[in-house]
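**Student:** Take any residue in the sequence shown, count from 1 to its spot, add 7: that is its number in our numbering.
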Amino acid sequence: MTSKTKAQIVVQIKNLVKIFSDEKEREHCVLPGISLNVFEGTFLTIVGPSGSGKTTLLNIIAGLEEKTSGTVKIGGGADGSQLAYVFQSARLLPWLTVEENLRFVKPENTTEESFKEKIHHYLSLVELNDVTRHYPHQLSGGMQQRVGIARALCIEPAVLLMDEPFSHLDEITAEQMRVELLRIWEDTKQTIIFITHDMQEAVTLGDRLIMFNFRGEIAEDLAVDLHRPRKFSDRSFIEFYAQSVERFQNIRKKE
Ligand SMILES: Nc1ncnc2c1ncn2[C@@H]1O[C@H](COP(=O)(O)OP(=O)(O)OP(=O)(O)O)[C@@H](O)[C@H]1O
Ligand SMILES: [Mg+2]
Numbered sequence: 008m009t010s011k012t013k014a015q016i017v018v019q020i021k022n023l024v025k026i027f028s029d030e031k032e033r034e035h036c037v038l039p040g041i042s043l044n045v046f047e048g049t050f051l052t053i054v055g056p057s058g059s060g061k062t063t064l065l066n067i068i069a070g071l072e073e074k075t076s077g078t079v080k081i082g083g084g085a086d087g088s089q090l091a092y093v094f095q096s097a098r099l100l101p102w103l104t105v106e107e108n109l110r111f112v113k114p115e116n117t118t119e120e121s122f123k124e125k126i127h128h129y130l131s132l133v134e135l136n137d138v139t140r141h142y143p144h145q146l147s148g149g150m151q152q153r154v155g156i157a158r159a160l161c162i163e164p165a166v167l168l169m170d171e172p173f174s175h176l177d178e179i180t181a182e183q184m185r186v187e188l189l190r191i192w193e194d195t196k197q198t199i200i201f202i203t204h205d206m207q208e209a210v211t212l213g214d215r216l217i218m219f220n221f222r223g224e225i226a227e228d229l230a231v232d233l234h235r236p237r238k239f240s241d242r243s244f245i246e247f248y249a250q251s252v253e254r255f256q257n258i259r260k261k262e
């Protein structure tokens, strides 16, 4: 055995450009050529002003949006089956029950039986085991979002993409979900790319923090070198948080 194996790059982005054209053929450059390597097991959090291209970036990584130019490689060339995506809203299929919504994403190489176990495991994790036969319209918005999170987790993807997943939850539930997500991440060592507007959430969760500016450029790329579990009352946390807020304000001032 060799000593320590080097961390693999699981998401490799080079010179990624995205230009949208409106109905009058006017062009709008959202991502001006960004490059980014994400290493296996990283919890990457991304903050940026509204409209700076964060969701567009995740959509391109997930293959939901076409890029204009540049390259995006996942897991060293593997296909998108290694990805799961938690959107800002749950996007459940309304004609399927909670359990059926999860069963719908069963990977081909997984047996019904083992996937059923996973479904129940992750539904209990988000405290929804008693509503497996409910339809989405019978659930609150927060419960629907938790179904969306369980649906992504039960694929146990190599890369989990999360776009402001907790922003619609009440703060107590959001906090529980953050703790759970960290527990799962520490357990599975999945790679997570997590977008948020909330600097406290970004610093609590991430071990790397990227800040976009209005032009869709990466203006800051910081290692969050704070011990876990992180508490807002810890001095080191407060200092890092305050510096991050200041850096972000400076980015916004420069526009
Ligand atoms: N399908 C589309 N067609 C045209 N323009 C688009 C499209 N999708 C996004 N845009 C534009 O691209 C820009 C970036 O949008 P995006 O949703 O990626 O921003 P964001 O950083 O996620 O913002 P927010 O923080 O508000 O979620 C915006 O100006 C938006 O209007
Ligand atoms: Mg967005």
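Virtual Cβ for every residue (Gly too), placed ideally from N, Cα, C.
Give the DSSP-derived three-state secondary structure of Val133 in the structure shown.
**Tutor:** One-based indexing of the sequence shown puts residue 133 at position 126. Here Val133 sits in coil by DSSP.
**Student:** Measure from the alpha carbon of Thr49 to the alpha carbon of each residue in Gln15, Asn22, Ser42, then state which is nearest.
**Tutor:** The sequence position of residue 49 within the sequence shown is 42, counting from 1. Minimum Cα distance to Thr49 is reached at Gln15.
**Student:** Just reading off the alpha helix (DSSP H) that Val231 is part of, what are its end residues?
**Tutor:** For this step, residue 231 is matched to residue 224 along the sequence shown. Per DSSP, Val231 belongs to no alpha helix (DSSP H) and is neither H nor E.
**Student:** Answer with buried or exposed for Trp192, where buried requires no fewer than 16 other C-beta atoms within 10 angstroms of its C-beta.
**Tutor:** Counting from 1 along the sequence shown, the entry for residue 192 is found at position 185. Its Cβ being crowded by 16 or more others within 10 Å, Trp192 is buried.
**Student:** Excluding the 5 residues preceding and the 5 following Asn44 in the sequence, name in chain order all residues of the same chain whose CB lies nearer than 8 Å to its CB.
**Tutor:** Within the sequence shown, residue 44 is the residue found at index 37, counting from 1. So the qualifying residues of the chain are Ile16, Val18, Gln19, Ile20.
**Student:** Do we get a CB-CB distance below 8 Å when we pair Asp194 with the residues of chain C?
**Tutor:** Absent from the structure: chain C. Only one protein chain is present.
**Student:** Assuming the contact rule is C-beta atoms closer than 8 Å, Val154 and Leu99 should be a hit. Round their C-beta distance to whole Å, please.
**Tutor:** Reading the sequence shown from its first residue, position 147 is the one you call residue 154. Reading the sequence shown from its first residue, position 92 is the one you call residue 99. With 8 Å as the limit, Val154 and Leu99 qualify as a contact, their Cβ atoms being about 6 Å apart.
**Student:** Which word fits Asp177, buried or exposed, when buried means at least 16 other C-beta atoms lie within 10 angstroms of its C-beta?
**Tutor:** Position 170 of the sequence shown holds residue 177. It counts as exposed.
**Student:** May I ask you to report which of helix, strand or coil DSSP gives Arg98?
**Tutor:** Working through the sequence shown from its first residue, we reach residue 98 at position 91. Note: Arg98 maps to coil in three-state DSSP.
**Student:** Taking C-beta to C-beta, are Ile162 and Val105 nearer than 8 Å?
**Tutor:** By 1-based counting over the sequence shown, the position of residue 162 is 155. By 1-based counting over the sequence shown, the position of residue 105 is 98. No, they are not a contact pair.
**Student:** Measuring from each Cβ to the nearest heavy atom of ligand 2, keep the ones under 7 Å and list them in chain order.
**Tutor:** Lys61, Thr62, Gln95, Asp170, Glu171, Ile202
**Student:** Taking 8 Å as the threshold (C-beta atoms), are Val166 and Gln95 in contact?
**Tutor:** For the purposes of this step, residue 95 is taken as residue 88 along the sequence shown, with counting starting at 1. For the purposes of this step, residue 166 is taken as residue 159 along the sequence shown, with counting starting at 1. Taking 8 Å as the Cβ cut-off, Gln95 and Val166 do not qualify as a contacting pair.
**Student:** Given this structure, state the Cα-to-Cα distance separating Arg158 from Asn108, to the nearest angstrom.
**Tutor:** Against the sequence shown, residue 158 aligns to sequence position 151. Against the sequence shown, residue 108 aligns to sequence position 101. Roughly 7 Å between the two C-alpha positions.
**Student:** When you compare only the Cα positions, how much space is there between Ile275 and Val24?
**Tutor:** Absent from the structure is residue 275, since the part of the chain shown begins at 8 and ends at 262.
**Student:** Do the segment 214-226 and the segment 68-77 meet, that is, are 3 or more Cβ pairs less than 8 Å apart?
**Tutor:** Contact between the segment 214-226 and the segment 68-77 is absent, because fewer than three Cβ pairs lie under 8 Å.
**Student:** For Arg222, report the span of its alpha helix (DSSP H) as first-last.
**Tutor:** The residue labelled residue 222 in the question sits at position 215 within the sequence shown. Note, Arg222: premise wrong, no alpha helix (DSSP H); not H, not E.
**Student:** Classify Glu186 as buried or exposed, calling it buried when 16 or more other Cβ atoms lie within 10 Å of its own Cβ.
**Tutor:** For the purposes of this step, residue 186 is identified with residue 179 of the sequence shown, where counting begins at 1. A quick correction: the sequence has Val, not Glu, at residue 186. Val186 is exposed by the Cβ-count criterion.
**Student:** Using a 10 Å radius around the Cβ and a threshold of 16 neighbouring Cβ atoms, would you call Thr118 buried or exposed?
**Tutor:** The residue you call residue 118 lines up with position 111 of the sequence shown. Exposed, by the Cβ-count rule.
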